[in-house]
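Numbering (the working numbering), first residue to last: 10 to 160.
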Amino acid sequence: MTHQRSLRVLKLYDNDFGREAGATVDKALAESGHLSREEGVPSNLRVIICGRNRLEDSSAFVWAKAIVSHTNVRKVKLVDNGIHEAGFFAIVQALRNCHHLGYLSLRDTVSTENLEEGDYQPERRGWQEMIHLLQTANDLEFLDLSDCYLP
């Protein structure tokens, strides 16, 4: 996947990856975007769908790096992955770089005021970052935050 430049849609659903395998895919995706940028070629990736893969927070940080390296993404669906506050914050912050985002589903993620011991301590919480994203995502037409715990 690292050297794939024509990929427009990435759909990984119900593969039960877990954190390690999810992070491996994400690293390859991030490297692909980085190599495109080095070559002066915009990424062709437009759609990221990854659900029911047990990615959890640690993998969410790598997904955030992958999203940042593919700023032309228009659809992101990361659902039912066991992502909590720290991962939610990282992903939403990364999405702010996708200026043509039209579809966003982060169903069944959690953003709370309380962080677990050892969590990354951002100045703002994920739900606050989501407010900022919604204020700036001018192309956003679909938003799914079903089953999310948002204070």
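Every residue gets a Cβ at the ideal spot worked out from N, C-alpha and C, and that includes glycine.
Model, not experiment: these values are computed from the prediction.
One Cα belongs to asparagine 24, the other to lysine 84, and the distance between them is close to 20 Å. Between the alpha carbons of leucine 152 and alanine 95 lies a gap of roughly 20 Å. Distance between tryptophan 136 and threonine 33, taken at the CA atoms: about 27 Å. Here glutamate 138 is near arginine 105, since their CB atoms are less than 9 Å apart. In the DSSP annotation of this structure, the continuous segment of the alpha helix (DSSP H) that includes isoleucine 76 starts and ends at 65-77.
Per the coordinates, the alpha-carbon of glutamine 102 lies some 8 Å from the alpha-carbon of alanine 73. Excluding sequence positions up to five before and after glycine 111, its CB lies within less than 8 Å of the CB of Arg83, Lys84, Asp148, Leu149, Glu150 and Phe151, all in the same chain and listed in chain order.
Per the coordinates, the alpha-carbon of glutamate 29 lies some 15 Å from the alpha-carbon of alanine 39.
Looking at the DSSP output, glycine 111 shares a beta bridge with no other residue.
The alpha-carbon of leucine 87 is positioned some 28 Å away from that of glutamate 48.
Distances from the alpha-carbon of leucine 21 to those of Gly31, Cys157 and Glu65 put Gly31 closest. Counting the other Cβ atoms within 10 Å of the Cβ of serine 68 gives 16 or more, which makes it buried.
In the DSSP assignment, valine 119 is bridged to Tyr158.
Membership of aspartate 23 in any beta strand (DSSP E) is not indicated, and neither H nor E is assigned to it by DSSP.
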